[in-house]
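Each residue of the sequence shown is one higher than the one before, counting from 32 in the numbering used here.
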Amino acid sequence: MNVKLLLPIGLVLLLGACVKEPQADFSLEAPSQAAPVKVQCINQSINADSYAWDFGDGHTSTEENPAHEYRKFGEMMVVLRAYKDQEVSVDSMLINIPEPPRRHAVIETNYGNIQIELSNRTPLHRDNFIKLAEQSFYDSLLFHRVIQGFMIQGGDPLSRNAEPGQALGAGDPGYTIPAEFDEALVHVRGALATARTGDQVNPQKASSGSQFYIVQGQPVSASMLSQLQQYKGRTYSPEQVAAYSQNGGAPMLDWDYTVFGHVVEGLDVVDKIAAVAVDPNARPLEDVRMRVRMLD
32 MNVKLLLPIG LVLLLGACVK EPQADFSLEA PSQAAPVKVQ CINQSINADS
82 YAWDFGDGHT STEENPAHEY RKFGEMMVVL RAYKDQEVSV DSMLINIPEP
132 PRRHAVIETN YGNIQIELSN RTPLHRDNFI KLAEQSFYDS LLFHRVIQGF
182 MIQGGDPLSR NAEPGQALGA GDPGYTIPAE FDEALVHVRG ALATARTGDQ
232 VNPQKASSGS QFYIVQGQPV SASMLSQLQQ YKGRTYSPEQ VAAYSQNGGA
282 PMLDWDYTVF GHVVEGLDVV DKIAAVAVDP NARPLEDVRM RVRMLD
C-alpha cells in the first residue's frame, strides 16, 4: 500500500524560505603604493560554502580571504563568486594599481652607448633584466647575432670567452621566463625584446633567461600590417600603425616574442652595430662586446 505524506501549504512555503541563496560581498582597501603591492581581500559573503576569486590580472584563488600580490599596474576588475549548492552570487569591484617608476639602463658597447627604458607592463622580464644587470651578468658578453635591417642580439653567457667563429646562441642562465605579451608593446624600431627557442620545442613561447635583441627594422607598409592583423587575429591601434609607418620595425614578431622595453637614446649605435661585417652565422667578424648597468 502506498502512503503519501501531505504537508500543509504554509509549511511547504516555510521550508522553502529556509533554503537561502548565497550573497557575494567583499571589501578591500585600494592600494596607494605602486606595483608590486599586496592587497588583502575581506570576504563578507553570507550563506556560501565555496568561493572563486578573479583578481583581474590573470590570477585566481579559491581561498575565503586571499591576499594577492599585484605585479602589474592599471585598472583591475576584482570579481568574487560565492557558491552554495547549485546557486551562485557575484560581486565585483574596480581598483587601480599605480604604476611604479620606470627603470632605465645603459648598454655600453665599443660603438657607443644605448640607453633603454624597461616596461612595467612586463614585470617578470623587467625584474629579470634588472637582476642580471645588477649581478654584472652581461659584462663582456657579445652581440653574437647581427642582421642588418632586422635586429642585433646578445646575452648568451657562452659568448664571454668564445673563440673566433664559434657558433653561439644556445647559452642561457639555466631558466626561461613565461611569455608576457601585451597589446601595447610591439616590435617597432628600437624595441627591446627577448629571444627564445622555436615553437616546436617551446609552444608556450617562453623567453630566454638572458638573451635579448634590439629591433633595427625595415620599412613597414599599411598592407603588411593589414595582412598580419588577419593572420594573427590581432588589431593594431592607430598609434601603432603610425609608429610602424614612420619608423619601421619587425611586426612579424609581434605577440610571438616578448617586448619588454625600448631604446630612448642610441639608435644610431644600433645602426652602427647592425652594419658590421658578419660570418655565415650572422656573428660579427670583430667582437662587439657589451656592459649593462642600471641608471635608476
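Think of the CB as a built atom: it goes at the ideal place given N, C-alpha and C, for glycine as much as any other residue.
Since the structure is predicted, the reported quantities are computational estimates derived from the model, not experimental observations.
Just confirm the distance between the C-beta atoms of residue i and residue j, as a whole number of angstroms; I'd bet it's less than 8 Å.
{"i": "residue 342", "j": "residue 289", "result": "Outside the shown range of the chain, which is 32 to 327, sits residue 342, and nothing can be said about it."}
{"i": "residue 53", "j": "residue 118", "result": "6 Å"}
{"i": "residue 88", "j": "residue 75", "result": "22 Å between Cβ atoms; not a contact."}
{"i": "residue 226", "j": "residue 184", "result": "6 Å"}
Decide if residue i is buried, meaning its Cβ has at least 16 other Cβ atoms within 10 Å, or exposed.
{"i": "residue 244", "result": "buried"}
{"i": "residue 206", "result": "exposed"}
{"i": "residue 47", "result": "Confidence is the limiting factor: at residue 47 the pLDDT is only 48, short of 50, which leaves the residue's position unreliable and the question unanswerable from this model."}
{"i": "residue 215", "result": "exposed"}
{"i": "residue 274", "result": "buried"}
{"i": "residue 37", "result": "Bear in mind that the predicted position of residue 37 carries a pLDDT of just 46, short of 50, making it too unreliable to give a figure here."}
{"i": "residue 324", "result": "exposed"}
{"i": "residue 285", "result": "buried"}
{"i": "residue 91", "result": "exposed"}
{"i": "residue 316", "result": "exposed"}
Give a yes or no on whether the C-beta atoms belonging to residue i and residue j are separated by under 8 Å.
{"i": "residue 73", "j": "residue 58", "result": "yes"}
{"i": "residue 221", "j": "residue 251", "result": "no"}
{"i": "residue 93", "j": "residue 101", "result": "no"}
{"i": "residue 294", "j": "residue 145", "result": "yes"}
{"i": "residue 314", "j": "residue 155", "result": "no"}
Closest to residue i by C-alpha separation, out of the options, would be which residue?
{"i": "residue 291", "options": "172, 149, 207", "result": "149"}
{"i": "residue 208", "options": "160, 165, 217", "result": "160"}
{"i": "residue 127", "options": "60, 64, 105", "result": "105"}
{"i": "residue 137", "options": "257, 296, 307", "result": "296"}
{"i": "residue 283", "options": "261, 269, 277, 293", "result": "261"}
{"i": "residue 182", "options": "165, 190, 163, 223", "result": "223"}
{"i": "residue 175", "options": "140, 162, 151, 229", "result": "140"}
{"i": "residue 85", "options": "70, 69, 109, 68", "result": "109"}
{"i": "residue 219", "options": "178, 257, 270, 194", "result": "270"}
{"i": "residue 254", "options": "235, 272, 268", "result": "272"}
{"i": "residue 194", "options": "318, 60, 62, 67", "result": "318"}
Below 8 Å CB to CB, which residues in the same chain sit around residue i once its five sequence neighbours on both sides are set aside?
{"i": "residue 188", "result": "168, 172, 202, 203, 204, 241"}
{"i": "residue 44", "result": "Reliability of the predicted coordinates at residue 44 is poor, the pLDDT of 48 falling under 50, and the value obtained from them is presented with this limitation in mind. Counting only Cβ-Cβ distances below 8 Å, and skipping sequence neighbours, we find nothing."}
{"i": "residue 64", "result": "129"}
{"i": "residue 311", "result": "none"}
{"i": "residue 164", "result": "136, 323, 324, 325"}
Excluding sequence positions up to five away, which residues of its chain have a Cβ less than 6 Å from the Cβ of residue i?
{"i": "residue 135", "result": "148, 326, 327"}
{"i": "residue 51", "result": "78"}
{"i": "residue 142", "result": "300, 303, 304"}
{"i": "residue 170", "result": "322"}
{"i": "residue 112", "result": "83, 119, 121"}
Would you say residue i touches the ligand FMN, meaning its beta carbon is less than 7 Å from a heavy atom?
{"i": "residue 167", "result": "Among the components of this structure there are no ligands whatsoever, and the ligand FMN is therefore not found."}
Which same chain residues end up closer than 7 Å to residue i when comparing Cβ atoms and leaving out the 5 residues on each side of it in sequence?
{"i": "residue 233", "result": "227"}
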